[in-house]
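Trainee:
Protein chains: 2
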Amino acid sequence: MPTLRDVIAARPRVYRYLRPTPLYQYAGLSELIGARVWVKHENHLPVGAFKVRGGLNLVAQLSEQERRAGLFTASTGNHGQSIAYAARAHGVRATIAVPEGANPGKVAAMRGLGAEVMFHGADFDHAREWVVGLASAKGGRFVGPTEEQLIHGVGTYALEIIEDLPEVDAIIVPVGAGSGACATAIVAKAINPGIQVIGVQSAQAPAIQMSWAAGKAVTADMRTVAEGLATRVPFENTQRIMRKYLDDFLLVEDAAIEDAILLLLEHTHNLAEGAGAAALAAAIRLRQRLAGKNVVLVLSGGNLSADQLRRLLARTGAVAAAS
Amino acid sequence: MPTLRDVIAARPRVYRYLRPTPLYQYAGLSELIGARVWVKHENHLPVGAFKVRGGLNLVAQLSEQERRAGLFTASTGNHGQSIAYAARAHGVRATIAVPEGANPGKVAAMRGLGAEVMFHGADFDHAREWVVGLASAKGGRFVGPTEEQLIHGVGTYALEIIEDLPEVDAIIVPVGAGSGACATAIVAKAINPGIQVIGVQSAQAPAIQMSWAAGKAVTADMRTVAEGLATRVPFENTQRIMRKYLDDFLLVEDAAIEDAILLLLEHTHNLAEGAGAAALAAAIRLRQRLAGKNVVLVLSGGNLSADQLRRLLARTGAVAAAS
Numbered sequence: 035m036p037t038l039r040d041v042i043a044a045r046p047r048v049y050r051y052l053r054p055t056p057l058y059q060y061a062g063l064s065e066l067i068g069a070r071v072w073v074k075h076e077n078h079l080p081v082g083a084f085k086v087r088g089g090l091n092l093v094a095q096l097s098e099q100e101r102r103a104g105l106f107t108a109s110t111g112n113h114g115q116s117i118a119y120a121a122r123a124h125g126v127r128a129t130i131a132v133p134e135g136a137n138p139g140k141v142a143a144m145r146g147l148g149a150e151v152m153f154h155g156a157d158f159d160h161a162r163e164w165v166v167g168l169a170s171a172k173g174g175r176f177v178g179p180t181e182e183q184l185i186h187g188v189g190t191y192a193l194e195i196i197e198d199l200p201e202v203d204a205i206i207v208p209v210g211a212g213s214g215a216c217a218t219a220i221v222a223k224a225i226n227p228g229i230q231v232i233g234v235q236s237a238q239a240p241a242i243q244m245s246w247a248a249g250k251a252v253t254a255d256m257r258t259v260a261e262g263l264a265t266r267v268p269f270e271n272t273q274r275i276m277r278k279y280l281d282d283f284l285l286v287e288d289a290a291i292e293d294a295i296l297l298l299l300e301h302t303h304n305l306a307e308g309a310g311a312a313a314l315a316a317a318i319r320l321r322q323r324l325a326g327k328n329v330v331l332v333l334s335g336g337n338l339s340a341d342q343l344r345r346l347l348a349r350t351g352a353v354a355a356a357s
Numbered sequence: 035m036p037t038l039r040d041v042i043a044a045r046p047r048v049y050r051y052l053r054p055t056p057l058y059q060y061a062g063l064s065e066l067i068g069a070r071v072w073v074k075h076e077n078h079l080p081v082g083a084f085k086v087r088g089g090l091n092l093v094a095q096l097s098e099q100e101r102r103a104g105l106f107t108a109s110t111g112n113h114g115q116s117i118a119y120a121a122r123a124h125g126v127r128a129t130i131a132v133p134e135g136a137n138p139g140k141v142a143a144m145r146g147l148g149a150e151v152m153f154h155g156a157d158f159d160h161a162r163e164w165v166v167g168l169a170s171a172k173g174g175r176f177v178g179p180t181e182e183q184l185i186h187g188v189g190t191y192a193l194e195i196i197e198d199l200p201e202v203d204a205i206i207v208p209v210g211a212g213s214g215a216c217a218t219a220i221v222a223k224a225i226n227p228g229i230q231v232i233g234v235q236s237a238q239a240p241a242i243q244m245s246w247a248a249g250k251a252v253t254a255d256m257r258t259v260a261e262g263l264a265t266r267v268p269f270e271n272t273q274r275i276m277r278k279y280l281d282d283f284l285l286v287e288d289a290a291i292e293d294a295i296l297l298l299l300e301h302t303h304n305l306a307e308g309a310g311a312a313a314l315a316a317a318i319r320l321r322q323r324l325a326g327k328n329v330v331l332v333l334s335g336g337n338l339s340a341d342q343l344r345r346l347l348a349r350t351g352a353v354a355a356a357s
């Protein structure tokens, strides 16, 4: 199981390529929640998401043979961009499999970061299975979404939170595969077990939360619009860590996540993707429990497309009125 | 006239409260311009704009008497928020005058930062004159928008650019009162006179550009939607610096600035206010001259309201198609 020591060891590998992200308090959000509310701006990172920290930590530790053979992964989202970014930073080739018909904007983003993007299969699972085989045939490293070295790198943001705000009472973190929540919980509990670490997933993709609550693997429908929260089956290693360390784990409706995207836009002038806004949606639900506390919302990523934003804004009138 | 030495001296005062902002290269923008294009993310700062650097440098140097009497300024925008932020960081009171009917969202933002906001007069000039008198009566310091200590602080972003990208060929910077352009030019020319520093203002508020081009003070209409570029009369000190150091100074139409806001949203997932997007609008105009070069666009601020963004997005179809 990853430890604080692993996270501390990851720091120089991560900070070779990026700077700590800001933790800002917002008066408008604090008033809304009735607490002192800070936002951890992981959307300010390269590729706009926290995952790049994990990619940088992993790629820095490749063997010479692995460097030569390159990295292989399957992703249509932030994981793929993060691996592409980290691979390029280290001069390693990255091959990323996506299903036929994958979002052209995201494919272009990964290609813009120098990755080779290959289309294969009708859905994500087919693309992944295929690229696992390809990696094996070429002697390269396949990188799954919850590898320990990724969690170690991601944990650097949790350390930054506690260094910037030692008096933090609660950290709310969105859960997709669980690397962010695991990393945050491991760091927070090692430093101060009194810090509440609360996970949040979409009620429209509840497999990870239901597995956590049931204490065993549960699969569930996946219909969320928040790509970063869209998981159908639990990962064994992150489940084990979350069961040990998470204080709570909520589900919020996609509609509440979309409201939170607009509230973040209004109060912070930052663009959040659905996963990035989920922590605010959870905080709104937990108002009473959080009252008067020092609360950190992890804005895990900002990769919302202009089209998604246009639709959201068109749907709503003045956001201020809704809050 | 401010010098590189002043900017270097400002750094510890600025970095006591904030971290350097990222300079990211974007493949999509690079392709669009036909150059290697980086964005300097001043929108990632507290209060979402570069000006906070100047405020922090100025407030750190107040005399005991000035600290006790407090700061006074007039602003409906980023200048006011920056002074409010810096004053609170240093435990100094800030009084900010705004005209009757000032934007409630911006007033709330300044109050959220702890400033006392006072409404006075029918327009900005009346509010300013009144608060200058109030400052004088109370023995406090009135802070205008182009004071040298502000320029010294703002220059820290230009130093960051050159440290992160020593091979930069051109920096494009939006001009409102001129503090950002002056600070950038002073730093760049002192380190490498070969770096082109190019200012940009809105054609719908061209007074500063026209004064620069004419070599004498010119006033002009001010109808731009970009509040950060909205100046009607030139400031003597920034004109002197810009005449000495700026390589070029363009006007771009508000419509081109609005397109640039959408392009930044699409390619970087960052929200830019009009002033913050003006550098991209200028780069699009200068494509031929910038071809193949290392170009930095200063995204000076991100304070666009959700309503402004909603209107912009509603007006347009798919942004990608327009690019």
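These protein sequence lines are chains G and D, in that order. When we follow my numbering, the leftmost residue of the first sequence carries the number 35, and every step to the right adds one. When we follow my numbering, the leftmost residue of the second sequence carries the number 35, and every step to the right adds one. Backbone N, C-alpha and C define an ideal beta-carbon position, used for all residues, glycine too. Since the structure is predicted, the reported quantities are computational estimates derived from the model, not experimental observations.
Look at V126(D) and G104(D) and say whether their C-beta atoms are less than 8 Å apart.
Mentor: Yes, they are a contact pair.
Trainee: For Y58(G), return the contacting residues in chain D, with the cut-off set at a CB-CB distance below 8 Å.
Mentor: Result: P80.
Trainee: For the region 161–246 of chain G, list the beta strand (DSSP E) runs that are entirely contained and at least 3 residues long, ordered along the chain.
Mentor: The qualifying runs are 204–208 and 230–236.
Trainee: May I ask you to report which of helix, strand or coil DSSP gives L338(G)?
Mentor: Correct three-state label for L338(G): coil.
Trainee: Which residue or residues does DSSP assign as beta-bridge partners of F153(G)?
Mentor: V132(G).
Trainee: Please confirm whether A211(D) and T265(D) have their CB atoms less than 8 Å apart.
Mentor: Against a cut-off of 8 Å, the Cβ pair of T265(D) and A211(D) comes out as a contact.
Trainee: Could you tell me if M35(D) is buried or exposed, where buried requires 16 or more neighbouring beta carbons within 10 angstroms of its beta carbon?
Mentor: By the neighbour-count rule (16 or more Cβ atoms within 10 Å), M35(D) is not buried but exposed.
Trainee: Using 8 Å as the threshold, is the C-beta distance between M256(D) and A237(D) below it?
Mentor: No.
Trainee: Give me the DSSP bridge partner(s) of F106(G).
Mentor: According to DSSP, F106(G) bridges with T129(G) and F176(G).
Trainee: To the nearest angstrom, report how far apart E181(G) and A43(G) are at their CA atoms.
Mentor: The alpha-carbon atoms of E181(G) and A43(G) are separated by roughly 16 Å.
Trainee: Drop a sphere of 10 angstroms on the beta-carbon of R47(G), count the other beta-carbons inside from all chains shown, and report buried for 16 or more, exposed for fewer.
Mentor: R47(G) should be labelled buried.
Trainee: Name the one or two DSSP bridge partners that H75(G) has.
Mentor: DSSP, once it has assigned bridges, lists L333(G) as partnering H75(G).
Trainee: Interface residues of chain D around N226(G) at Cβ under 7 Å?
Mentor: Result: empty, since nearest Cβ-Cβ is about 24 Å, beyond 7 Å.
Trainee: Check whether the Cβ atoms of H75(G) and H113(D) sit closer than 8 Å, and answer yes or no.
Mentor: For H75(G) and H113(D), no; Cβs fall outside 8 Å.
Trainee: Kindly say whether R87(G), judged by its beta-carbon, lies nearer than 8 Å to any beta-carbon of chain D.
Mentor: No, its Cβ sits nowhere closer than 8 Å to a Cβ of chain D.
Trainee: Do the CB positions of L108(G) and A131(G) come within less than 8 Å of each other?
Mentor: The residue you asked about is not Leu; residue 108(G) is Ala in the sequence shown. Contact: yes.
Trainee: How long is the line joining the alpha carbons of G310(D) and Y51(G), rounded to whole angstroms?
Mentor: If you take the alpha carbons of G310(D) and Y51(G), they lie about 25 Å apart.
Trainee: Chain G partners of G337(D), CB-CB under 7 Å?
Mentor: Checking the displayed sequence, the identity of residue 337(D) turns out to be Asn instead of Gly. Simply H303.
Trainee: Mind checking A83(G): buried by the 16 CB within 10 Å criterion, or exposed?
Mentor: Label assigned to A83(G): buried.
Trainee: Straight-line CA distance for R344(D) to A142(D)?
Mentor: Cα to Cα, the separation comes out at about 20 Å.
Trainee: Along the region 138–162 of chain G, where does the CB come closer than 9 Å to a CB of chain D? Name the residues.
Mentor: Listed in sequence order: P138, G139, A142, A143, R145, G146, L147 and G148.
Trainee: What residues are listed by DSSP as bridge partners for R101(G)?
Mentor: Per DSSP, none; premise fails for R101(G).
Trainee: I'd like to know whether the C-beta of L90(G) is nearer than 8 Å to at least one C-beta of chain C.
Mentor: Among the protein chains of the structure shown, namely G and D, there is no chain C.
Trainee: Relative to the C-alpha of G262(D), which candidate in R277(D), V207(D) and V151(D) has its C-alpha closest?
Mentor: Among R277(D), V207(D) and V151(D), the Cα nearest to that of G262(D) is on V207(D).
Trainee: Report back the beta-carbon spacing between V329(G) and A192(G) to the nearest angstrom; my notes put them in contact at under 8 Å.
Mentor: Not a contact, Cβ separation roughly 15 Å.
Trainee: Going along chain G, which residues have a C-beta under 7 Å from L296(D)?
Mentor: Neighbours of L296(D) on chain G, chain order: A340.
Trainee: Have a look at R323(G) and A317(G) and give me their C-alpha separation to the nearest angstrom.
Mentor: Taking the straight line from one Cα to the other gives about 9 Å.
Trainee: Under 8 Å: do the region 241–254 of chain D and the region 268–276 of chain D share three or more Cβ pairs, one atom per stretch?
Mentor: The answer is yes - the region 268–276 of chain D touches the region 241–254 of chain D, with three or more Cβ pairs under 8 Å.
Trainee: Name the chain D residues that come within less than 8 Å of L347(G), Cβ to Cβ?
Mentor: Within 8 Å Cβ-Cβ: A340, L343, R344, L347 and A348.
Trainee: Between the C-alpha atoms of V209(G) and G189(G), what's the straight-line distance to the nearest angstrom?
Mentor: The straight-line gap from Cα to Cα measures roughly 14 Å.
Trainee: How would you call L247(D), buried or exposed, if buried means at least 16 neighbouring beta carbons within 10 angstroms?
Mentor: This sequence places Ala at residue 247(D); Leu is not what is there. Under this definition A247(D) is an exposed residue.
Trainee: Would you tell me roughly how many angstroms separate the C-alpha atoms of L333(D) and A313(D), rounded to the nearest one?
Mentor: Cα-Cα distance, rounded: 7 Å.
Trainee: Buried or exposed: where does T37(D) fall if 16 or more other Cβ atoms within 10 Å of its Cβ makes it buried?
Mentor: T37(D) comes out exposed.
Trainee: Using a beta-carbon distance cut-off of less than 7 Å, what residues from the region 39–67 of chain D approach chain G?
Mentor: Residues R53, P54, P56, Y58, A61 and G62.
Trainee: Starting from V286(G), follow its DSSP beta bridges and name the residues at the other end.
Mentor: In the DSSP output, where bridge partners are listed per residue, V286(G) has S236(G).
Trainee: Closer than 9 Å between beta carbons: that is the criterion. Which residues of the region 305–317 of chain D meet it against chain G?
Mentor: Cβ contacts with chain G: L305 and E307.
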